[in-house]
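Each remark here refers to the structure printed beneath this line.
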Amino acid sequence: MDMTENLRPSGAHSTDQDPTSYPYASPAAYDGTAYNSAAGGYPPPPPYAPTTGRRKAKRPVALLAAVAIAAGVIGGGTATLVGQLNGQDAAATGSGGTVNGTTVSQSSKGTVAGVAEAVSPAIVEIGAASSAGKSTGSGVVITEDGEIVTNNHVISGAQQIQVTLSTGKTYTADVVGTDPDKDLALIKLQGASGLKTATLGDSSKVKVGEEVVAIGSPEGLTGTVTSGIVSALDRDVTVAKDDSGSSGQGQGQGQGRQGGGQEWPFEFGGQQFNGDTGEETTTYKALQTDASLNPGNSGGALINMDGEIIGINSAMYAPSSSAAGSGSSAGSVGLGFAIPVNTLKADLDTLRAGNGS
0 MDMTENLRPS
10 GAHSTDQDPT
20 SYPYASPAAY
30 DGTAYNSAAG
40 GYPPPPPYAP
50 TTGRRKAKRP
60 VALLAAVAIA
70 AGVIGGGTAT
80 LVGQLNGQDA
90 AATGSGGTVN
100 GTTVSQSSKG
110 TVAGVAEAVS
120 PAIVEIGAAS
130 SAGKSTGSGV
140 VITEDGEIVT
150 NNHVISGAQQ
160 IQVTLSTGKT
170 YTADVVGTDP
180 DKDLALIKLQ
190 GASGLKTATL
200 GDSSKVKVGE
210 EVVAIGSPEG
220 LTGTVTSGIV
230 SALDRDVTVA
240 KDDSGSSGQG
250 QGQGQGRQGG
260 GQEWPFEFGG
270 QQFNGDTGEE
280 TTTYKALQTD
290 ASLNPGNSGG
300 ALINMDGEII
310 GINSAMYAPS
320 SSAAGSGSSA
330 GSVGLGFAIP
340 VNTLKADLDT
350 LRAGNGS
């Protein structure tokens, strides 16, 4: 409420008037039984002093002002409550990459089904085409106009990028920025608007044993949901920065290029997995999960039970297929790794500036 507005109730005396001036007969003309007036049509004034009238005019104004202030306090509290219920914490905004979006409804919090229903619309399938063939990965929508976060190795070297939403609608995307050192990339859809977005959480609060959900496009199966727990924190994972020394580069965490079949290579615990990492590598601290990750999950979301993104899935261990020459690979055996979302949030401004692209 604008406190400069006139808060006087209808019919109250105006304090701007001369208290000795009346629109009817003068007090001196009142004798208790009759009144005198030139117009002869006005009743006598009330039998109190003008100063008393001034005080009476102020009381309702002060009362209404207090009510207005109280209403403002209550209104602010209500807005805060609504914001909390909708996951729109004011502290989670601003530079540095914090992003708010879809969250799990109160009635569905803590359930895999609730997380999947809320977040799946913000997870996309990414198809990257290059001279070496095609690869498939996943991505997370963070803005309504089509900014999508994924792994650098999903789109590195791509000459064309096609993105498929959970609705089946397809867009062409451009690379905005990449950070090979953190295996992160930001792409932008052409002509997109009104998209469902994910909420980026706080990976510093993640604890071993917490339940998580992974959503991505393993083997091109868009919107696949798996669940598990966080099995370890701060694992040193080493991955290739580009395609040098590895034909598996850019394969969306193992989704083979046409004629390929080699998985995305990485190192963990001093050993190499899923192929040669090559000469150019980068190491980051990762969240470890036993949620099933398979080829094509790279760039997808690792999500807590409140529907917040806590990591970007980036690497998996899968033993080679026993079927020699089949070109396929075994699925997850409970060793998956994700880039902590706080690493992404700290890097968003750099990615948006196009550094490294």
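Counted the way numbering that gives the first Met the number 0 counts, the sequence shown spans residues 0 to 356.
For each residue, glycine too, the CB sits at the ideal point set by N, CA and C.
Since this is a predicted model, take the numbers as computed values, not measurements.
* Which same chain residues, not among the five before or five after G219, have their C-beta less than 8 Å away from its C-beta? -> Residue 219 sits at position 220 when you count from the first residue of the sequence shown. So the qualifying residues of the chain are E124, T135, Q254, G295.
* Asked: Three-state secondary structure (DSSP) at A112?
  -> The sequence position of residue 112 within the sequence shown is 113, counting from 1. Three-state result, A112: helix.
* According to DSSP, what are the bridge partners of M315? -> In the sequence shown, counting from the first residue as 1, residue 315 sits at position 316. Answer by DSSP bridge pairing, in chain order: G335.
* Paired residues, beta bridge with Q159 - DSSP -> Position 160 of the sequence shown, counted from the first residue, corresponds to residue 159. Per DSSP, A128.
* Tell me whether V153 sits in a helix, a strand or coil according to DSSP, three-state version. => Position 154 of the sequence shown holds residue 153. V153: helix per DSSP, three-state reduction.
* Asked: Below 8 Å between beta carbons: does that hold for P179 and N151?
  -> Translated into the one-based positions of the sequence shown, residue 179 becomes position 180. Translated into the one-based positions of the sequence shown, residue 151 becomes position 152. Taking 8 Å as the Cβ cut-off, P179 and N151 qualify as a contacting pair.
* Asked: G193: buried (16+ other C-beta within 10 angstroms of its C-beta) or exposed?
  -> What you label residue 193 is simply residue 194 of the sequence shown in a count that begins at 1. In summary, G193 is exposed, with fewer than 16 beta-carbon neighbours lying within 10 Å of its beta-carbon over all protein chains present.
* To do: To the nearest angstrom, report how far apart E143 and D173 are at their CA atoms.
  => Indexing the sequence shown from 1 puts residue 143 at position 144. Indexing the sequence shown from 1 puts residue 173 at position 174. So the alpha carbons of these two residues sit roughly 16 Å apart.
* Environment of S368 [buried if 16+ CB atoms lie within 10 Å] -> The question about residue 368 has no answer here: the residues shown for the chain are numbered 0 through 356.
* For A184, which residues of its own chain have a beta-carbon under 6 Å away from its beta-carbon, when the five flanking residues on both sides are left out? -> Within the sequence shown, residue 184 is the residue found at index 185, counting from 1. If we look at A184 and ignore the five residues flanking it on each side, its Cβ neighbours are T149, N151, I154, T177.
* **Top-ranked residue by Cα proximity to A365, from L334, T196, G299** => Outside the modelled stretch of the chain, which goes from 0 to 356, sits residue 365, for which no answer is possible.
* Proximal residues to I410 (C-beta, below 6 Å), its chain only, five neighbours per side dropped -> Residue coverage of the chain in this structure runs from 0 to 356, which leaves residue 410 outside it and unanswerable.
* Through-space distance from Q271 to E307, alpha-carbon basis -> Within the sequence shown, residue 307 is the residue found at index 308, counting from 1. Within the sequence shown, residue 271 is the residue found at index 272, counting from 1. About 31 Å.
* Pull up the distance between the alpha-carbon of G298 and that of Y170, whole angstroms please. => For this step, residue 298 is matched to residue 299 along the sequence shown. For this step, residue 170 is matched to residue 171 along the sequence shown. Answer to the nearest angstrom: the Cα atoms are 17 Å apart.
* Asked: Nearest to K344 by CA position, among A290, V162, K181, is which residue?
  -> On the sequence shown, position 345 is the one that residue 344 refers to. The candidate whose alpha carbon is nearest that of K344 is K181.
* Asked: Identify the residues that DSSP records as bridge partners of L188: which are they?
  -> Reading the sequence shown from its first residue, position 189 is the one you call residue 188. L188 is bridged to A172.
* Asked: Since V211 is in the beta strand (DSSP E), which residue starts that stretch and which ends it?
  -> In the sequence shown, counting from the first residue as 1, residue 211 sits at position 212. Its beta strand (DSSP E) spans residues 210-215.
* Asked: Among all the DSSP beta bridges, which residues are the ones paired with G136?
  -> Against the sequence shown, residue 136 aligns to sequence position 137. G136 is bridged to I125.
* **Exposure label - V207; buried when at least 16 CB within 10 Å** => Residue numbering aside, residue 207 sits at position 208 when the sequence shown is read from its first letter. Exposed is the call here.
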